[in-house]
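Residues 228 to 306 in this note's numbering are what the sequence shown lists, from first letter to last.
Glycine included, each C-beta is placed from N, C-alpha and C at the ideal position.
For reference, the structure discussed in these notes is given below.
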Amino acid sequence: MIYDKLIVALLSALATEREETTNATIARYLVTHIEDLDDVTVKGVASACNVGVGSVSRFCRETGFRGFDELRRALMEDS
228 MIYDKLIVAL LSALATEREE TTNATIARYL VTHIEDLDDV TVKGVASACN VGVGSVSRFC
288 RETGFRGFDE LRRALMEDS
């Protein structure tokens, strides 16, 4: 169930953000690598997206999660 929330949040971010925004970059990375995220860190996502850790944390909160840890738990629970 939470995994559904994750997919909806990521696809919503992709649909509503301009392509070049930080949020769109993070959402695109997460959607593209969703099967490989079970052991990724917030620093790893930030590095892969060329953004700061704070940007990834902010993205998580803006998409309905308390932070990256909750987003990651959602992935772990349903994978």
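With contact defined as three or more Cβ pairs closer than 8 Å, the region 280–300 and the region 261–269 are in contact. Burial is judged here by how many other beta carbons sit within 10 angstroms of a residue's own beta carbon; ALA242 has fewer than 16 and is exposed. Counting other Cβ atoms within 10 Å of its Cβ, LEU237 reaches 16 or more and is therefore classed as buried. For GLU289, the enclosing alpha helix (DSSP H) begins and ends at 280–289. For LEU257, the enclosing alpha helix (DSSP H) has its first and last residue at 249–259. Under the three-state reduction of DSSP, ARG293 is assigned to coil, being neither helix nor strand.
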